[in-house]
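Chemist:
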Amino acid sequence: MIYRSYSALLVSIACAVCVEAAAAGPPATTYTAADFVQVRKFDSHVHANTDDHHFLDIAHKDGFELLSINVDYPDFPTLATQAKVAHELQAADPQHFHFLTTFSMKGFGNPSWTPDTIRHIDAEVAQGAVGVKVWKNVGMVERDAQHHLIMLDNPGFDGVMAHLEALRIPLVAHQAEPKNCWLPLDQMTTENDRSYFRDHPEYYMYLHPEMPSYESLMAARDRFVARHPKLIFIGAHLASLEWSVEEISKFFDAYPNATADLAARMTQVQYQSNADREKVRQFFIKYQDRLLYGTDLTEDPPDPHARAQNPPADGTPFETEADHFWRSDWLYLATADVQNIDAIKANVKGLALPKAVIDKIYYSNAHRVFWRLPQK
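Residue numbers 12 to 387, in my numbering, belong to the letters of the sequence shown in order.
1. Tell me whether LEU100 is buried or exposed, calling it buried when 16 or more other Cβ atoms sit within 10 Å of its Cβ.
2. Helix, strand or coil for LEU303? Go by DSSP, reduced to three states.
3. With H, G and I counted as helix, E and B as strand and the rest as coil, what does DSSP make of LEU376?
4. Pick out whichever of GLU289, GLU253, ARG205 and ILE80 has its Cα sitting closest to the Cα of LYS356.
5. Please state whether the Cβ-Cβ distance between GLU188 and LYS147 is less than 9 Å.
6. Three or more C-beta pairs under 8 Å: does that hold for the stretch 191-209 against the stretch 268-284?
7. Below 8 Å on the Cβ atoms is my contact criterion, and I expect LEU11 with PHE381 to pass it. Report the Cβ-Cβ distance as a whole number of Å.
8. For ARG51 versus TYR374, is the C-beta distance shorter than 9 Å?
9. Since ASP334 contacts GLY305 with CB under 8 Å, what's their CB separation in whole angstroms?
10. State the Cα-Cα distance for the pair ASP68 and GLU330, rounded to the nearest angstrom.
11. How long is the line joining the alpha carbons of SER339 and ASP155, rounded to whole angstroms?
12. What's the call for SER224, buried or exposed, on a 16-neighbour Cβ count within 10 Å?
13. Should ARG232 go down as buried or exposed, given a rule of 16 or more other Cβ atoms within 10 Å for buried?
14. Whose C-beta lies closer than 6 Å to the C-beta of ARG301 among residues of the same chain, with five residues either side of it excluded?
15. Taking only the alpha-carbon atoms, compute the straight-line gap between PRO312 and ALA97 and give it to the nearest angstrom.
16. When DSSP builds the beta bridges, which residues end up paired with GLN350?
17. Can you grab the Cα-Cα spacing for the pair GLY150 / SER227, in whole Å?
18. Leaving out five residues on either side along the sequence, give the residues of the same chain with a beta carbon under 7 Å from the beta carbon of ASP348.
19. Among ASP73, ASN268 and VAL82, which one has its Cα closest to the Cα of PHE47?
20. Whether or not the stretch 118-137 and the stretch 101-109 are in contact is what I'm after, with contact meaning three or more pairs of Cβ atoms, one per stretch, closer than 8 Å; do they touch?
21. Go ahead and label GLN157 buried or exposed: buried means 16 or more other beta carbons lie within 10 angstroms of its beta carbon, across all protein chains shown.
22. Return yes when the Cβ of ILE372 is within less than 9 Å of the Cβ of LEU303, no when it is not.
23. Checking 9 Å against the spacing of the C-beta atoms, do PHE244 and ALA184 come in under that value?
24. Under the rule that 16 or more other beta-carbon atoms within 10 Å means buried, what is LYS190, buried or exposed?
25. When you compare the CB positions of PHE53 and ALA377, do they come within less than 9 Å of one another, or not?
26. Based on the DSSP output, what are the partners of SER79 in its beta bridges?
27. Rounded to whole angstroms, what is the Cα-Cα separation between GLN386 and ARG379?
28. Let me check one thing: in DSSP terms, what residues is ILE245 bridge-paired to?
29. Which of the three DSSP states is assigned to VAL48 in this structure?
30. Rounded to the nearest angstrom, what separates ALA367 and HIS248 at their Cα positions?
31. With LYS144 as the anchor, note down where its beta strand (DSSP E) starts and where it stops.
32. Check this for me: beta carbons of ILE259 and PRO365, under 9 Å apart or not?
33. Once the 5 residues before and after ARG179 are set aside, which same chain residues still bring their CB inside 8 Å of it?
34. Can you tell me whether ARG276 is helix, strand or coil according to DSSP?
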């Protein structure tokens, strides 16, 4: 073809580009399964209790930073051992491995408990901890001198919490259990809850009517959050409101200082999205700044009698299981792909959240909330 003028040539080229762009379609607004490794990601809730580097190896391969949470859990190694492992892994890879410290409840109520706990927290923050964890033993296990359960809103915590507020040290709080914990096994909504509480009867509240109700534990937690409005508060496991996105929404609306991680509660969310996918999808979009991706993946030293392994120690290499968990969650949150979820015995269609929402939930929210993390 011979063009009569240079301008005609430019018009022709422009039209060709338009045709090619139209054929390619608009830029993708959601990620695909193939994008998983390329997108930077942050797992805000894991437990690395061994320094064999398996966790770091698979995190590197799959594009994750890790936040390992030390916790006063009797099935885990001692607090001193957890801290030692965390220090070693962070020293080995400070750009990808981070940790939270915790504190012991031994001596709670004694005059020395608050200053001793503050000194311990400050020492761990100086060592690199980016926050503090308080576990469900507060409210469900620990008792005072009168043998009353110590709830999170106990005034005995005020000195420590004032210190965290003043230094802007985030607190991750695991209070209560999934609501399934208060139901008979055959009424629970997910198989992972059913198997956990079957194996951990000491934490299965349906068997312990003498213990606090789910509602009373949530009320104590809410009073605590209201009492410390300047505290950077992260509700572990969707703030134990995993059974209802409406309830989590109410919690977020009532306490603007609060966020929540998704650790070990994805199947409860999937159970809800199978009933009303668009409602759950809109929840994630509306509260995209308040949610942190997390799994509760746990690597413990090999022990045939241990019950804390997540995933369970069944002979499959830890890296293989972690990769499976991460990719399954990615398919659910980032794509519209359908996958079978054993825990609810159903096929589940992914939420296909917009890229901007995925980038917040999977990365930038964690770096905002845990502001001591190395910035990239």
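Think of the CB as a built atom: it goes at the ideal place given N, C-alpha and C, for glycine as much as any other residue.
Modeler: Straight from the coordinates:
1. buried
2. strand
3. The amino acid at residue 376 is misidentified as Leu; the sequence shows Asn. Helix.
4. The alpha carbon of LYS356 has as its nearest neighbour, out of GLU289, GLU253, ARG205 and ILE80, the alpha carbon of ARG205.
5. yes
6. They touch, by the three-pair rule.
7. Residue 11 lies beyond the residue range present for the chain, which begins at 12 and ends at 387; the question has no answer from this structure.
8. yes
9. ASP334 to GLY305, Cβ: 16 Å. No contact.
10. 8 Å
11. 43 Å
12. Classification of SER224: exposed, given that the 10 Å Cβ count is below 16.
13. buried
14. PHE263 and THR270
15. 14 Å
16. VAL359
17. 10 Å
18. Excluding sequence neighbours, ASP348 sits near ALA44, LEU342 and GLY361.
19. For the residues ASP73, ASN268 and VAL82, the minimum Cα distance to PHE47 belongs to ASP73.
20. no
21. Under this definition GLN157 is an exposed residue.
22. yes
23. yes
24. buried
25. yes
26. VAL57 and PHE110
27. 10 Å
28. VAL183 and THR270
29. Coil, per DSSP.
30. 23 Å
31. 143-145
32. Against a cut-off of 9 Å, the Cβ pair of PRO365 and ILE259 comes out as no contact.
33. ILE243 and TRP382
34. Assignment of ARG276 by DSSP, reduced to helix, strand and coil, places it in the coil class.
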